[in-house]
Structures are given as structure tokens and as C-alpha cells.
Amino acid sequence: MAFQFTEENLKRIEKARQKYPTSLAAVMDACYIGQEQNGFISDEVVEEIARVLEIPKTDVLGVVTFYTMFHTKKMGKYHIQVCTNVSCMLRGGYEIFDAVKEKLKIDNMEVTSDGKFSLEEVECMGACGGAPMIAVNSDYYENMTKEKVLEILDSLQ
Amino acid sequence: MEKIILPDIPDLNKLDVYIANGGFQAAKKALQMEPSEVIDIVKKSSLRGRGGAGFFTGLKWSFMPKVKTKPHYLCVNGDESEPGSFKDRQIFEKNPHQLIEGIIIAAHAIQAQTVYIYIRGEYYRWIQMLQAALDENYERGHLGEKMKQTFNTDFYCDVYIHRGAGAYICGEESALMNSIEGKRGYPRVKPPFPAQNGLWGNPTTINNVETITNVPKIIANGWEWFASIGAPKHPGTLLFGVSGHVNKPGVYELPTGTLLTDIIYNYAGGVPGNKKIKCVIPGGSSMPPLRGDQLEGIKMDADSLREAGSAIGTGGIMVMDEDTNLLDVLVRISHFYHHESCGQCTPCREGTGWMEKILRRIQSGQGTSKDLDLLVDVASNIEGRTVCALGDAAAWPVKFMITRFRDEFEKYVKKEVVIPVKNKIHSMKYTTYSVENIKLPESTKP
Amino acid sequence: MPKITIDGKELEFKEGQTVIEVASENGIYIPHFCWHPELSISGNCRMCLTEIEKIPKLAIACSTYATDGMVVKTQSESVVKAREAVMEFILINHPLDCPICDEAGECKLQDYAFRYSRGESRMLEEKQHKPKRVPLGPRVMYDAERCIMCSRCIRFADEVAKNPQLTFIQRGDRTFVSVFPDEEFDDPYSMNTVDICPVGALTSRDFRFKSRVWEMSNTPSVCIGCSRGCNVNVWVRDNVIQRLTPRENPDVNKYWMCDFGRTKTFKFVNAETRVDGPFIKENNELVKSNWEEALNLTAKRLKKFKPDETAFVASAFATVEDNHSFALLAKLLNAKYYSYFSYVIPGSGDDILITEDKAPNALGAELVKFKANGVSNDLDEIFEKIKLGEIKAVYILEQAHDFDSYMLDALAKAEFVAVHATNFNRLTEFADVVFPASSFAEKHGSFLNVDGILQRIKPAVATVELDRALDGLAQSRWDKFGTKFDRWAQGKKYDAEPSWKIISALAAKLGKPFNFSTSEEVLIDLTSKNSAFRNLDYNEIGGTGIKIIERKFSEEEKI
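Protein chains in written order, with the numbering used here: chain A, 159 to 315; chain B, 37 to 482; chain C, 12 to 570.
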């Protein structure tokens, strides 16, 4: 069954389209919506976005693969993003990354076998004052320690 | 001293509180002025961009066509992806209405009826906060067509948030415009400049979030007031984000020209364990690093930092204590720019990866001091030769870290090493190593 | 006019020209990869960095507009060093596989490595690995490791072919060019990307591994795939055409040609079906004859029929010269019926290059046709009369496309059919005499294209009557230096002649020789007889043709 946007999501895309003079400009919003509905951006999602926005498929594909927040494979229910950039690194970002790796037994950009967690070593998330930090999906957790991160992982169901 | 951007007023993020504290008076005032008057005031205030380049804001606005023949656009840059920079987030969270008021004034000044606030995708929660603030202002008639009534003017504008999706390069203004247009975030070749040929080929101005947030206070209190704060040639306050080895990391709003040591020791609480500082990057990771033993007397404004051999950038101060391994830091920085290079133009696309590879080889104990020369040379070959400033951003840390901390880096390399090279066939004739020295490694992974 | 100084030369320029345009117009070469005169400016390769006074950094010549008084240096020390650096960057991740790369010998990167590079690499690390041998489409192969991300192919697809089938995937040094998954780059113009690819990243699947480019000779000519008449180069090795590539002509095809023209219009030259020497029909079967016998037989038979029993069918596939001499022969025999065959597929054209008329010279055939007094030249009517037995002798010039079956059925009724053909086909089955015609690649001549531009073709492949060296055909290194013991210096020569020459010989047999010794003389004969051709000779037509007919076109019809 080919991917199709829900009625509600079609409306959201239409609303996004209203923000811009061209429909191409709504492609990033549409990608977010597609990713939200489908879990990740498959080729089918790309085709559907291209169809809905009436733009070339290649344009959508080029955009999807350019931006790191668009995932072309299924990530975990909880996408754990650990920053290891300089400010976090200076305050133990790598220790946290390694701790998460060890705990979840997955490497960067891998997903646990139950599909619950995925791990990504991310670039600076703009929370250097709260370094080291992690993000779980869209939520930031700052001033982390190894212990706190493991606690957070345990609390996620 | 008075804070311009993040005043210590509780609940200022609530619209009523903001209004109670004089909010939207500046917009009212500005909307009764001619656009050129507004530009003139901002020009006289000497407000400079807070996004890194430090260009004069009023001057930038004045580049927009005086006679409007095509739609004008304002882009507000909240991509904030420079490592060490985390200030704009504070504005979205604590003082969103002043940003919105600044947008109204700026949009009026450049006659832009459509405004896009570009916010990095990771800031989803802050995008929600700002969207809520925008919605509220729409309801109150501060934005959209209702503005005409509210402010008794002919001008109105619409403000939209464009959510980024994980690309440092989109903080570069022309890549940002491409991203808004729904394209890959490739910077554009300049000229043409955005004021002539920006979004969809129309005149466009791009300003940083912090820059715009300054504007209402300048209008409200006058340019003389603003120009008198801080360093004369770079007046006002800056949101200094202090991170790394300090006791109290965070954002501190201080006048320009404040001593770097003052910020680190007085505001950010000094270095944990009272260790010495080895290195400070004063303006976000792309700016040339300063030696810890040469921080005395350095003032935090564009001109003073240029004299000191660095740049103000985004005011993100990264402090590294004496135990920091600068090689590891440089590897991490290089990895970042390699990861974030858009890949459009040759020197940056190829050079960032090459520098990271050399640095990783040094990290694995297989570098020589000639590699350090090579790194500096490669960095110099990237610098100034690319479409956008990412090339410089990638080159400067390598170039200056190695030249300014050569003593330190010499410790990480040896006089002679056996270089593990997989593709041995690759022209070795004139390289710094003789072919005989090269043995194939056990593992091919450097 | 405003003036700019490049490398000490003061040059005039037009407002809106970029530095690289002014330079190239004035013979100053600024190296470049991504810039292409017919594509938008991308500015990504950084190879055209130049030093410009009053601009602090080096500036790229492709995107910098010339201004009055600008002073540009393309050879200063800083420029040379910057170029070397760009070359080094491009080469660090570029595979050193020139020995097996089709592009070698015509590769910008290879040439520049020689001219603008230090000739050494300081990169010790493993190169970046990416997809190799990716069939992007039915005709184009991609090697991402060789790719330098100049984006020319993507811009071509978007801007010229108007078919955005290509995109960049990923970013940074992980970037590569791709089509959408499970789709193909099958645009009718896809192979132009192979030409404009400055490296060996995109190669022609049709030509891949067929020949090193320096082993081939290359002859300027015109594509016969349709009436556009795209200018081409014919590349030959071992006397066999290996490939066609477009040749620049701003008024006709710019830098492009279609994939059909490139791959489907030359293989008949060396096909098994080629007519090799004259054939005559004996016992209902065509048997190999010789020129003398075939010409005598034809002259003898033609003389037997009355003018109103004789029809001449000229051809839009033959040259102006062939058609003209054909018309002269018809006049000589006072033939009452004369028409020409053309091949049009309605709706098959596009607004880029491809036209509906699938023959290269319909306009030329129309222009030089012989008009018998008061008789219809309608082809259908002629074939109707053949069918009715009113027309008994039919002389047919080269036809690259099969006749419709009603025409073939009619021919079965004719008493005598003479045909000029390059290849055996259904038509030749009905012939009593088949003269072996030289193909477009084996003769001089001219075609009149859809816009009324007269263009020359030149022999690239030698026939028995042509000697590659003595008759001035283009020669490859092997042609020049190979001995007959070298395998590559050999190659089959067909016993074929241009139609005008066959017709001249026939005229002589009929007792009224034309006295043409070259095809140019045929054209010059035409200059006095048809005002459209006045004052023309081959020199005047030149390398890119000359417009001899003004026609009005609607906007959509123009390229």
C-alpha cells in the first residue's frame, strides 16, 4: 500500500504551502509531516510529497538527503541524540555517548532490536551552556552526567 | 547596567508583561516614521550584526531598493548552529515579543511584508514557544492586516517560522534563503547580493535574531543612548555564551568591550579547580583561538578582537583548561566542519575531509611535524577561496590552533613515523615521505 | 564601449558580460569546470579564480561581471597557486584510473592536471569511496568517485532538457548525483551530459570501452536523424564509425544533439546489410555485378521508356547535390513524373531540437526538384500511375526509410526499377538494378535544414573510391602511422559512390555527360539555376552552414 497523507496532514501541508509564494518552499514542512506520520521518509513518502506539492521527486530527494534531521530509515521510538561537539566534549559528552552506546548496545545511527531506541551522535545543538546535553526526540536534557542519562533511558518506556 | 535583550523582568515572555513594560511603544513610534527615518536611526546607533560578521545593520537595510517594484522580504536568522553559540534560544524563550516588535520595525524600515524566521530544526520546543508568541500577537493585532488599525498605519506584515532540519550551513544567509525556498542548503555565489536578488529573486535582508531584538530599544531610547553603551565602534550589549571549562556556563548579557577575563572569571565563575586556561575560542568554534596566557586586556568587541587576532563571531566563548588535549579539540572541530560542509564548492568539500583525515592520523600516533605544516597549508588553500564563509570557518581553527599552539601540537607528533597508506599507488614521489618508509598496515582503518 | 583589462590587454565588452565571457571571446583561456556558456552560473568548482584589482579576495571569473576599468590578472602568482590548490583538492579524492577511463584524452581534469597542477599529491589517506558503474539510465553510466560535483549534468537536465531527472544526494564529500530510486535518466537528450561532464564520471554506454579517443579520427559533419541537422563530429577508428558527438553551432544545435541522433543514425554505415558494389536482378534475385554492367544495363533500359512512362523519385535523405544531379537526369530523359520522398512523423518533434521531419534534407529536395510542365508531382499520384501500369520505369534515389506497402505493391507492377541504396531493405527487393550509394559519412555534400540553413557534410569513412590520405579525410594517429601489418590500421572499405557521381556516369552512358568531377561542382552548377543557391561554394557554406532561406517560425517552434 503506497504511502498517503492523512486528511489532517494534507491540511497541514496546505497550510504550510500558504506561507510561501512557491509550493517547493513547503517541502521541508511536508518532509517533517511525512516523517511524523510514517516514522521516516521512505521513497514512497518522497513520491507522495512530490505529488502533493507538484514538484519533481528529485527535488524532494535532494532536500531529504541534505538535512540530517530527515531520516530515510526507521529510527527508534526514542531517538537519543548525544552532542559530542566541543563544549559538550569538554564536559564529558563522549563519556555519555559511550555510556548510551554500552547501555543500548547499539552504535551511532543504529536502532535497538525492539525498535525502542536509536542513537545519534549529533553536532552542536545550541545548548552549550548546559553541556553536556542530550536530546530525546525533540526534548533537550541539559547538564547531564552519565548517571542522569542512564536514569532517563530507564524512565523511557 | 541595563540589559537590552534579556532584562531581568520576571515573566517577560508573557505578552501582557511585555506590554506593561513598554512593549510595542517603539513599534508604534517607528510605524509613524518614514522607513528612511527608521533606517537612519539604526544607522546612527551603529548597531552591528550579532550573527558573526558584525556588519552595520542600518547600512545593510539601506541597501534595499528605495522604490519597491517587487516584494521585499526580511529573513530573521535563528539557525544558531555555530558550536559554542546558544544565545538566540534565550530570546525565543525569555523575550520573544521584543524580537517580534523588532521584526515589525525592521520590516517597516525595509518595506518587507513577508518575514521568515529561520529556526534550526532541533529547537522544536522553542519554535513552538515562538509560534505561540506570534499567534498571540496576531490575535492582538500586532501582526497581519490588523496591524494597520492597531498602529494606525498603511503598513502591515506577516511573519512565518521556517523550520530548519539539521544543516549548519543554513546559518549562512544565502544558504538560508535557498533552504527557505525549499532547496538544498547551498550558499549562493555573491554578487548578486540579497538586497538586490534574494528570496525568489526579490530584495531581501537577513538579520540575526539578537540584532533584530536590539531594534525596539534603539527606537524607544534613541540612537544616542544605544551608541553610548559599550565599545564606541561596536556599541550595545552582547549575549556572551560561555561554555566549556567554567564554573557557571551560560549566557551573559554584557556591554561590548567587556574584558574577556572579566567574563570568564567574574561572570562565569572562573575555571573549575582554579586551573589555568590553555585556550579560549572567543566567538564560536570557527573563530581563531586565543592562547590562555595571552588573554589579559582583550576586550570583547569586533575591533578589539580583530586586533587580538581573532573575531567576535557570535560571542560564544569556549574555555579550555590546561589539561585539555587541543588535538582532540581540533579533531572534533574539523570533524564538525567536514560533516557540515555542503559539498558545493571544491576547496571546502575536499579540504575539510582531508584535514580531518590528517588530524585523525596524528591522533592515532602517526603524524609528523610535517603534517602540521601540511595542515596549515591545506587550511590556507581553503581560506578565502570558497563560495561562502564556511571555508574560512573550517580553515581558521586548524590554521590558528596549530600556529598558535605549535609547541603543544609538536608533542602530539613524532619526527618519523611509518604511515599506514592503503592506496600506496597514489603518487608518492614528491610527498614528504619516502616510498620506502611506507608499509601496508594490518588494518586499513586509520 | 566599456573596457576591461585582462592580462594587460585592454578589451571592449558588452554590459552584462562576465569576465570569463569577455576573456573567452578574446582568446584568453581561463580554466573552468562548472561554467558552461549555455548553463546557469554555479560557481562551485573554483577553478576560474582570478585576481581582480580592488577586490580583496580572488574572484571567480564565471560569476564576476565585467565593469569599466576593471583590471584582471589570470596568470599572477596568487592565481596560479590558487589553481594548483583547487586541482590538488579535486584530485585527492579522484581515482587515478585514467588508463581505463573513457574520458582520458578529452578530459578537462586530465588536461588541467598537466597544465595547472603541481603533478604531485600530498594526500596519504584513503580516498573517499562512492558508488561506481551506476547505470543512471539506458544510455548513461555514472561513476561517483570520478565525479567532481560541478553540477553541469543536473543543470543541463533542469535547464536545457527541462526534465529534472537528476539531483545531488547527500552533502559534503559524500555527495553524488542520482536519479530517483527505481527510475532512469532516460531523457531524449541524456547523453549530452556525457559531453559536458568535464571528467569521466558520466560515460556513454553506447561508446563505453569501444576506443581510446586518440585512436579515432574526427570529422565535422551533420546528423541525418531529422531535419534539424545538428552539427556533429564523426569519430572513426578502423574505418568504422565509433560515435557521434555534437559540434557547436549557435544557430542550429548550440552544443547539443539528441540521443537518437547520436546512437541510431550511423550504425547502418557498417551494417551487414550494406550494399557493397552494384547489384542487378537475375532470375528474380539480386546478384553482385560491376559498375560497367550496371550502368550499361540501366542506360539501355531507361532509353526504352517514353517520358510519360518514366518516374523519378528523389529523396529527402540524399544531399542537395545528389538531388540536383538526379533532377538533371530526369530533365535529360525528359521524364514526366518527378517527386521526392520524405518521412514525417506528426507529433514526434519537441521544442528543443527534434523535428517531425525525420530526413535531413526535405527542404533541399523540395528546392531543387525538377518540374515537368503541367504534370503533377504528387507522390501518391505517381505511385497510383505505377500501379495502373501507366508508369513503367521508376528511378529511386537513396531512401533511408522503407516505403509504405502500397508504394511497394505498386513497384511490383513496374517494368524497370533502379534504386540507389546504402543498405538492402524492402525497397531494394523490387529493384532491377541497385547502385551502392555512399552514406552521409562517405561523401561530400550539403543538406538544407528545417530553418533553411545549408550545411556541409564531409567524408569520414573511406570507400573504395576514396583514399583516406590522398582524398583528405581526417586521420587518426593510427591512420597516419599504422602500417598494413597493424590490425587497427585496417578496416573494410565498401564499393560505393555518391549518387551524383553514379548519375553523372549514367548520363555519360546516355550520351550526355554532366562533366562533374566533384560534388562542389554540382552545387556550383546549381548556383546559376536556382537563386536560393546563388554565389555559393563549399568555402562560402563553411563549417557551420549558411542561411539561404528565410522562413518564419512561431515562438514554440524555435529552439
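Glycine residues also receive a C-beta, built at the ideal position from the N, C-alpha and C atoms.
Legend entry - chain C contact for B/Ser405 (CB, 8 Å cutoff): As a position in the second sequence, residue 405 of chain B is number 369, starting the count at 1. Not closer than 8 Å to any Cβ of chain C, the Cβ of B/Ser405 fails to qualify, so no.
Inset, instruction - Please name the residues in the stretch 213 to 224 of chain A whose beta-carbon is closer than 8 Å to at least one beta-carbon of chain C, in chain order. - result: Pro214, Lys215, Thr216, Asp217, Leu219, Gly220, Thr223, Phe224
Inset, instruction - State yes or no: is the beta carbon of C/Val11 nearer than 8 Å to at least one beta carbon in chain B? - result: Since the first residue shown for chain C is 12 and the last is 570, residue 11 of chain C is missing from the structure and cannot be characterised.
Inset, instruction - Determine the extent of the alpha helix (DSSP H) in which A/Asp201 is found, giving its start and end residues. - result: On the first sequence, residue 201 of chain A is found 43 positions in, with the first residue counted as 1. That run of the alpha helix (DSSP H) goes 201 to 211.
Inset, instruction - Determine the contact status of B/Glu209 and B/Asn113, defining contact as a CB-CB distance below 8 Å. - result: Here residue 209 of chain B refers to the residue found at position 173 when the second sequence is read from its first residue. Here residue 113 of chain B refers to the residue found at position 77 when the second sequence is read from its first residue. Against a cut-off of 8 Å, the Cβ pair of B/Asn113 and B/Glu209 comes out as a contact.
Inset, instruction - For B/Lys253, collect the residues of the same chain with a Cβ closer than 6 Å to its Cβ; drop the 5 residues on either side in sequence, then sort them by chain order. - result: For the purposes of this step, residue 253 of chain B is taken as residue 217 along the second sequence, with counting starting at 1. Excluding positions up to five away in sequence, the list reads Ile40.
Inset, instruction - With DSSP collapsed to three states, give me the class of C/Pro146. - result: Sequence index remark: in the third sequence, residue 146 of chain C carries index 135 (1-based). The answer is strand: DSSP assigns C/Pro146 an E or B state.
Inset, instruction - Could you please give the first and the last residue of the uninterrupted alpha helix (DSSP H) stretch that includes B/His375? - result: Counting from 1 along the second sequence, the entry for residue 375 of chain B is found at position 339. 362 to 376 is the extent of the alpha helix (DSSP H) around B/His375.
Inset, instruction - Report yes if the C-beta distance between C/Ile31 and C/Ala72 is below 8 Å; otherwise report no. - result: Stepping through the third sequence from its first residue, residue 31 of chain C is reached at position 20. Stepping through the third sequence from its first residue, residue 72 of chain C is reached at position 61. It is a contact, given that the beta carbons lie within the stated cut-off.
Inset, instruction - Quick one: which residues of the stretch 227 to 254 of chain B get their C-beta closer than 8 Å to a C-beta of chain C? List them in chain order. - result: Pro227
Inset, instruction - Within its chain, find whatever has a CB closer than 8 Å to the CB of C/Val90; leave out the 5 residues flanking it on each side and keep chain order. - result: By one-based count along the third sequence, residue 90 of chain C stands at place 79. Taken in chain order, the residues that qualify are Leu60, Thr61, Glu62, Leu69, Lys84.
Inset, instruction - Measure from the C-beta of B/Cys206 to each C-beta in chain C and report whether the shortest distance is under 8 Å. - result: Within the second sequence, numbered from 1, the residue matching residue 206 of chain B stands at position 170. It does not: the Cβ of B/Cys206 has no partner Cβ on chain C nearer than 8 Å.
Inset, instruction - Quick one: measure Cβ to Cβ for C/Lys469 and C/Asn250, integer angstroms, because I've assumed they're closer than 8 Å. - result: Counting from one through the third sequence, the residue named residue 469 of chain C turns up at place 458. Counting from one through the third sequence, the residue named residue 250 of chain C turns up at place 239. 15 Å between Cβ atoms; not a contact.
Inset, instruction - Out of C/Cys269, C/Ala452, C/Ser487, C/Leu135, state which residue places its alpha-carbon closest to the alpha-carbon of C/Ala473. - result: Position 462 of the third sequence, counting from 1, holds the residue named residue 473 of chain C. Here the closest residue by C-alpha is C/Ala452.
Legend entry - C-beta neighbour in chain B for C/Gly183, strict 8 Å: In the third sequence, residue 183 of chain C corresponds to position 172, counting from 1. Yes, contact with chain B.
Legend entry - A/Asp265 at chain C interface by Cβ criterion, 8 Å: Sequence index remark: in the first sequence, residue 265 of chain A carries index 107 (1-based). By this cut-off, A/Asp265 is not an interface position.
Legend entry - Chain-ordered chain A contacts of B/Thr360 [CB-CB under 9 Å]: Here residue 360 of chain B refers to the residue found at position 324 when the second sequence is read from its first residue. In chain order: Leu248.
Legend entry - Endpoints, the alpha helix (DSSP H) within which A/Arg170 is located: Counted from its first residue, the first sequence places residue 170 of chain A at position 12. Here the alpha helix (DSSP H) through A/Arg170 covers 165 to 176.
Inset, instruction - From the DSSP output, in three-state form, read off C/Asn55 for me. - result: The count along the third sequence starts at 1 and reaches residue 55 of chain C at position 44. It is coil, neither helix nor strand.
Inset, instruction - For my contact list, B/Ala63 and B/Phe187 are in at a C-beta cut-off of 8 Å; report their separation, rounded to the angstrom. - result: Position 27 of the second sequence, counted from the first residue, corresponds to residue 63 of chain B. Position 151 of the second sequence, counted from the first residue, corresponds to residue 187 of chain B. Confirmed, about 6 Å.
Inset, instruction - Check the Cβ-Cβ distances between B/His375 and every residue of chain A, and say whether any is below 8 Å. - result: Position 339 of the second sequence, counting from 1, holds the residue named residue 375 of chain B. It does; some Cβ of chain A falls within 8 Å.
Inset, instruction - Could you tell me whether any Cβ in chain C is nearer than 8 Å to the Cβ of B/Lys393? - result: If you number the second sequence from 1, residue 393 of chain B lands on position 357. Judged by the 8 Å Cβ criterion, B/Lys393 is in contact with chain C.
Inset, instruction - Select from the stretch 283 to 297 of chain B all residues with a C-beta closer than 7 Å to any C-beta belonging to chain A, and list them in chain order. - result: Pro285, Gly286, Val287
Legend entry - Per-residue contacts from B/Ala203 into chain A (C-beta, under 8 Å): Here residue 203 of chain B refers to the residue found at position 167 of the second sequence. Simply Phe224, Tyr225, Thr226.
Inset, instruction - Quickly, what does DSSP pair B/His198 with across the bridge? List them, please. - result: Walking along the second sequence from the start, residue 198 of chain B turns up at place 162. B/His198 is bridged to B/Tyr154.
Legend entry - the stretch 102 to 122 of chain B contacting the stretch 231 to 238 of chain B, beta-carbon criterion three pairs below 8 Å: yes
Inset, instruction - Taking all protein chains shown into account, decide if B/Met323 is buried (16 or more other Cβ within 10 angstroms of its Cβ) or exposed. - result: Numbered from its first residue, the second sequence carries residue 323 of chain B at position 287. Its Cβ being crowded by 16 or more others within 10 Å, B/Met323 is buried.
Legend entry - Proximal residues, the stretch 50 to 64 of chain C versus chain D, C-beta separation under 7 Å: The chain inventory of the structure shown lacks chain D, comprising the protein chains A, B and C.
Inset, instruction - Mind checking which residues open and close the alpha helix (DSSP H) that includes B/Arg385? - result: In the second sequence, residue 385 of chain B corresponds to position 349, counting from 1. That run of the alpha helix (DSSP H) goes 382 to 399.
Legend entry - Against chain B: residues of the stretch 14 to 46 of chain C by CB proximity under 8 Å: none
Inset, instruction - Leaving out five residues on either side along the sequence, give the residues of the same chain with a beta carbon under 6 Å from the beta carbon of B/Leu179. - result: Mapped onto the second sequence, residue 179 of chain B falls at position 143. Taken in chain order, the residues that qualify are Asn173, Val195.
Inset, instruction - Ignore the nearest five residues each way along the sequence and tell me which others in B/Ile394's own chain have a CB closer than 8 Å to its CB. - result: One-based indexing of the second sequence puts residue 394 of chain B at position 358. Excluding residues within five positions, the ones whose Cβ falls inside 8 Å are Gly403, Asp407, Leu410, Leu411, Val414.
Legend entry - Opening and closing residue of the beta strand (DSSP E) in which C/Phe323 lies: For this step, residue 323 of chain C is matched to residue 312 along the third sequence. Element bounds for C/Phe323: 321 to 326.
Legend entry - Against chain A: residues of the stretch 163 to 190 of chain C by CB proximity under 8 Å: Pro175, Gln176, Leu177, Thr178, Phe179, Ile180, Gln181, Arg182, Ser189, Val190
Legend entry - Three-state class that DSSP yields for A/Asp312 in the structure shown: Mapped onto the first sequence, residue 312 of chain A falls at position 154. Reduced to three states, the DSSP call for A/Asp312 is helix.
Inset, instruction - Below 7 Å between beta carbons is the criterion; list the residues of the stretch 431 to 448 of chain B that meet it against any residue of chain A, in chain order. - result: none
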